[in-house]
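In our numbering, the protein residues as written are 1219 to 1717. Yeah, the Cβ is synthetic: ideal placement off N, Cα and C, and Gly gets one too.
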Ligand code: UN1
């Protein structure tokens, strides 16, 4: 299949892909796959106005009916799963299996949101006053702006949009400039469902293609009630204060520097498989990618030996080839950052295995690398930095407390895990003294989270939570209600105030 066939299969016509200013290339071979039109800041403002109008009617549609809409969206995604997954692989370079997994995450969150649409429960609480009732209501907020990164070009939109829509909000999506085609394809799928759903207003979900300026309009607008942004910590540092200054609601999902602790009692075969999947999957470009392995000195040599063997057998190549496990980096600048991190790591005492560029003759404009294992004498500055590439730093530990301290001694706090069959260690890891991350796993790697749990992390990861559990509450405003059904007007706290 050519790149052209892939875009055609999701309904993107050649004419809409050859007229814009934003050139989109496939990381597979650096070839142009489309030129899309970017919206101006003026057009972004018009979209916001349309989103506000859409919210005006959508909030009145009963939540279960909004859920029905999301159910139909999930059905349409099931129909188009393979075609969309192929475009995901072509546009962001993840292998087809992971592309399928990503679309499956969209389907899963649709199902979750459908159930949720009948469970937007508020509490009731006893009033201290006679003849009074107290309860909480959850109300829709308005327009939800969703900013997504290249590495999960469709699933992260779905986590946000499905919750935002069942909770009664409208959505404006600013995808990464590197992956606008998948966003346009999802918008087509969305429109197909919306056009057949009488209560879905025009502008219920929109895509804003643009650079930082267009995204900036979204972030700064007081008419955008919620900003949910996924990307680097630097991006969060820029976006966060702007939203905070206007007292908007913000959900941030930023950098990770995820670790695994491998203890003496660990099942080393399981640990090995988990390490390889989490460290080289998506070519190390997940926010949940494994970046640090902290290994007990007694199992260090056997584990590192088998890890190096496993790395040597990895097939690297086109993400659309079924036998390939490692696709390309998103582009040259990622490769440069990886190269420079490895040079720094050597300078800080690390021993680097792998990390070289490969397949450069076959793909002069595609950036394929051998994933790198770097044995470090300790947790130096470069180890504390998130480099969005397949670099795995390995370090030794002696006591478990020391391992947990190392794991926590970074500025990011997304995902973490321990491989151990010792309940004292695993429960310590999950205790208040243990992992300080938003995600803490036992005998599972740090990546590949299910949508049913709340997803996100602490510290420089931004503190936001998306997808499962009660993350929906971030898309609604809580209203505390007290109703007096008596004929008296007693005051709370027993205050006497006679007029
Ligand atoms: C991301 O990289 O931004 O847990 C999201 C995972 C995926 C999501 C990653 N479910 O690895």
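{"query": "Cα-Cα separation between residue 1612 and residue 1601, rounded to whole angstroms", "result": "9 Å"}
{"query": "Neighbourhood of residue 1524 by C-beta, 8 Å cutoff - its chain only, sequence neighbours within 5 removed", "result": "1486, 1490"}
{"query": "Any non-hydrogen atom of the ligand UN1 within 6 Å of residue 1506 CB", "result": "yes"}
{"query": "Runs of alpha helix (DSSP H) lying entirely within the segment 1473-1549, each at least 4 residues, in chain order", "result": "1486-1498, 1515-1530"}
{"query": "Residue 1667 CB to nearest heavy atom of the ligand UN1 below 6 Å", "result": "yes"}
{"query": "Pick from 1568, 1458, 1604 that is closest to residue 1594, judged by C-alpha positions", "result": "1568"}
{"query": "Whole-angstrom distance between residue 1657 and residue 1674, CA atom to CA atom", "result": "7 Å"}
{"query": "Alpha carbon of residue 1628 to alpha carbon of residue 1396, nearest angstrom", "result": "29 Å"}
{"query": "Supposed contact pair residue 1496 and residue 1665 - C-beta distance, whole angstroms, cut 8 Å", "result": "4 Å"}
{"query": "Same chain, Cβ closer than 7 Å to residue 1482, five either side skipped, listed in chain order", "result": "1514, 1516, 1517"}
{"query": "Start-to-end residues for the alpha helix (DSSP H) that takes in residue 1409", "result": "1398-1413"}
{"query": "Simplified DSSP assignment, three categories, for residue 1240", "result": "strand"}
{"query": "Opposing strand residues paired with residue 1637 [DSSP bridges]", "result": "1480"}
{"query": "Residues of its chain near residue 1433, where Cβ-Cβ distance is below 7 Å and the 5 sequence neighbours each way are ignored", "result": "1365, 1392"}
{"query": "Beta-carbon proximity of residue 1572 to residue 1590, cut-off 7 Å", "result": "yes"}
{"query": "Rounded separation between residue 1284 and residue 1579 - CA only", "result": "51 Å"}
{"query": "7 Å Cβ cutoff met for residue 1244 and residue 1281", "result": "no"}
{"query": "Assumed close pair residue 1679, residue 1474 - CB separation to whole angstroms, cut-off 8 Å", "result": "6 Å"}
{"query": "Option nearest residue 1689 by Cα separation, candidates 1246, 1715, 1381, 1294", "result": "1381"}
{"query": "Residue 1659: CB within 6 Å of a non-hydrogen atom of the ligand ZN", "result": "What this structure holds is the ligand UN1, not the ligand ZN."}
{"query": "Under 7 Å between C-beta atoms of residue 1266 and residue 1439", "result": "yes"}
{"query": "Residue 1442 vs residue 1317 beta-carbon contact at 7 Å", "result": "no"}
{"query": "Given residue 1352 as reference, the closest of 1705, 1704, 1698 once Cα atoms are compared", "result": "1698"}
{"query": "Element boundaries [alpha helix (DSSP H), containing residue 1310]", "result": "1299-1310"}
{"query": "Residue-chain proximity (residue 1637, chain C), Cβ-Cβ < 7 Å", "result": "Included in the structure is just one protein chain, with no chain C present."}
{"query": "Separation of residue 1458 from residue 1322, as counted between CA atoms", "result": "30 Å"}
{"query": "Residue from 1463, 1597, 1545 with nearest C-alpha to residue 1577", "result": "1545"}
{"query": "Any non-hydrogen atom of the ligand UN1 within 6 Å of residue 1495 CB", "result": "no"}
{"query": "Residue 1714: CB within 6 Å of a non-hydrogen atom of the ligand UN1", "result": "no"}
{"query": "Residue 1671 versus 1466, 1299, 1377, 1507, residue with shortest Cα-Cα distance", "result": "1377"}
{"query": "Residues sharing a beta bridge with residue 1590, DSSP", "result": "1609"}
{"query": "Whole beta strand (DSSP E) elements within the segment 1339-1389, 3-residue minimum", "result": "1350-1358, 1361-1365"}
{"query": "Stretch-stretch touch, CB-based, cutoff 8 Å, three pairs: the segment 1644-1653 with the segment 1546-1566", "result": "no"}
{"query": "Where the beta strand (DSSP E) containing residue 1655 begins and where it ends", "result": "Per DSSP, residue 1655 belongs to no beta strand (DSSP E) and is neither H nor E."}
{"query": "Continuous alpha helix (DSSP H) stretch holding residue 1423: start and end", "result": "From DSSP, residue 1423 is part of no alpha helix (DSSP H) but of the beta strand (DSSP E) over 1423-1425."}
{"query": "Whole-number beta carbon distance between residue 1237 and residue 1255, since they are thought to touch under 8 Å", "result": "6 Å"}
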